[in-house]
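Below is one structure, written out as structure tokens; comments come after it.
Numbering (this note's numbering), first residue to last: 3 to 521.
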């Protein structure tokens, strides 16, 4: 496109001088302005606007645009104005269009400009014809007598002197010579007035169209703004909804995880509690059996009956526990090694015992190359046939304690928990008397009491000679404990109690889960 390089007044003067259409392209810095500028620079557009057009390009931030917008309001950017000779916009292009559409608009504006030029030339020639022969046209168009009379009246001047009026009424030849000039001037004024009215009507119509287009453009912009706001609101609502759903999902997952952890913890607590109850019941049952076995008096018999009742209740509870154990799907096995250490693992209740043995073999490694499994209470050493049985059939579910017995070590190496119970019971009964005697001797005599080790050794030799001869290791452990213990009182918090014979064994021996001891 060949843009005019001068100012707007110079461009207007050049357009009027050449009778061309004045084109004003108002551009900005946005993307639509760039696209419209590319359309103007197209070869087809340049060829179509090569003649009959004077185009100038102004920027929205320039002073020329400010002056131009005071006369022709710039509704949007970019805008293209096609202005005719009379200063009326022939066409206004708002926004960006393609090069093909712009070429069509240019052809349309050129046709409008050509028609207006021909109309103005026709009006001038018609007025000239009216001056040369004003009455011939009326006689040619109107052949009736009434029309001829009207033509005569039109040819006459509207205001004449009395002499002229008399001359018109008397002699028609004189009046016929003076009327054509007057009629031509009158028709010229009428045609000029009509042309001005037509131009005013066109200006009003174009102004009305511009206003309508501006109103439509404003409504479209408002609609676009409203739709964009609605979209933003919808996006924000969707974003908040998605965020809320994510938070709800995370919260639900955390709640489920917490619930599973609580259930697992409650189950473990219940299993531990059940195991402790079984141990207590077994201890009570053992005590009841010992009391019933060695009872000699009526009170002891009654106590034995009460213990038997407790044992019966414990047996019923044990049956309940066994039913619960049968319903349990998981077996928790504790493996105890000869050195006192242990490890625990969970197996399916329907898994064979061989699986537990293989797990134990993996855990101990080369420490014990060959070993067997056994339980202390009830005392049972598993055979090869037992390894093919399920843990539930072997009553090892839901939990049990299994001892690893190395190969070549007899089962008698495990401490007998029930052997020598009679002598132990007698020692327990007689020991308080020795303790009272030691207290009295401490208060009455200044000399130190006999060594604790010798007294305890004598008591043990007197009460339980069979047990000391049968288990040397156990006696050695007891002696070491008695040597380390120099007080006759045992402190538990703020409570002091007398030490008994079995305190050392209870504190130092390793206890299985079924109230039996291990070396």
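C-beta: ideal position from N, C-alpha, C; glycine also.
Residue i in three-state terms, based on DSSP
| i | result |
| --- | --- |
| residue 317 | helix |
| residue 379 | coil |
| residue 348 | strand |
| residue 360 | helix |
| residue 109 | helix |
| residue 90 | coil |
| residue 528 | Absent from the model: residue 528. The displayed extent of the chain is 3 to 521, so no value can be given. |
| residue 384 | coil |
| residue 296 | coil |
| residue 99 | coil |
| residue 354 | strand |
| residue 269 | helix |
| residue 262 | helix |
| residue 402 | strand |
| residue 54 | coil |
| residue 27 | strand |
| residue 274 | helix |
| residue 390 | coil |
| residue 47 | helix |
| residue 409 | coil |
| residue 82 | strand |
| residue 7 | coil |
| residue 63 | coil |
| residue 333 | strand |
| residue 119 | helix |
Distance between residue j and residue i (C-alpha atoms, nearest Å)
| i | j | result |
| --- | --- | --- |
| residue 349 | residue 337 | 13 Å |
| residue 99 | residue 38 | 6 Å |
| residue 70 | residue 247 | 56 Å |
| residue 309 | residue 438 | 29 Å |
| residue 347 | residue 388 | 19 Å |
| residue 533 | residue 284 | It is not possible to answer for residue 533, since the shown part of the chain is limited to 3 through 521. |
| residue 117 | residue 237 | 54 Å |
| residue 48 | residue 40 | 11 Å |
| residue 430 | residue 446 | 25 Å |
| residue 224 | residue 233 | 14 Å |
| residue 218 | residue 102 | 24 Å |
| residue 296 | residue 307 | 13 Å |
| residue 25 | residue 50 | 13 Å |
| residue 16 | residue 107 | 22 Å |
| residue 383 | residue 404 | 10 Å |
| residue 216 | residue 96 | 9 Å |
| residue 18 | residue 42 | 22 Å |
| residue 443 | residue 281 | 39 Å |
| residue 433 | residue 378 | 29 Å |
| residue 435 | residue 303 | 24 Å |
| residue 257 | residue 351 | 29 Å |
| residue 362 | residue 260 | 32 Å |
| residue 265 | residue 250 | 22 Å |
| residue 305 | residue 299 | 10 Å |
| residue 263 | residue 277 | 21 Å |
| residue 254 | residue 269 | 22 Å |
Proximity to residue i [Cα-Cα], best of the options
| i | options | result |
| --- | --- | --- |
| residue 10 | 52, 32, 61, 53 | 61 |
| residue 275 | 211, 369, 323 | 323 |
| residue 93 | 101, 78, 83, 21 | 83 |
| residue 390 | 33, 355, 339, 406 | 355 |
| residue 3 | 32, 45, 394, 21 | 45 |
| residue 78 | 212, 65, 88, 202 | 212 |
| residue 358 | 332, 340, 286, 119 | 332 |
| residue 1 | 366, 321, 231, 111 | With the chain covering 3 to 521 only, the question about residue 1 has no answer from this structure. |
| residue 290 | 271, 277, 312 | 312 |
| residue 119 | 257, 270, 31, 21 | 21 |
| residue 288 | 299, 256, 314, 111 | 314 |
Distance between beta carbons of residue j and residue i, contact taken as under 8 Å
| i | j | result |
| --- | --- | --- |
| residue 370 | residue 408 | 5 Å |
| residue 86 | residue 109 | About 15 Å separates the two Cβ atoms, so there is no contact after all. |
| residue 279 | residue 334 | About 16 Å; that fails the 8 Å criterion. |
| residue 56 | residue 29 | The Cβ separation is near 17 Å, so there is no contact. |
| residue 406 | residue 373 | 5 Å |
| residue 23 | residue 54 | 6 Å |
| residue 90 | residue 204 | 7 Å |
| residue 396 | residue 353 | The pair is not a contact, with the Cβ atoms about 11 Å apart (cut-off 8 Å). |
| residue 35 | residue 80 | 4 Å |
| residue 316 | residue 293 | Contact flag wrong, Cβ pair sits at about 14 Å. |
| residue 64 | residue 201 | Their Cβ separation, rounded to whole angstroms, is 31 Å, which puts residue 64 and residue 201 out of contact at 8 Å. |
| residue 5 | residue 58 | 6 Å |
CB contact check: residue i to chain C, cutoff 7 Å
| i | result |
| --- | --- |
| residue 408 | Although the question refers to chain C, the structure presented lacks it and comprises just one protein chain. |
(Q) Runs of 4 residues minimum, wholly inside the segment 200-252: which ones carry the alpha helix (DSSP H) assignment? (A) For the segment 200-252, there is no continuous alpha helix (DSSP H) assignment of 4+ residues that stays within its boundaries.
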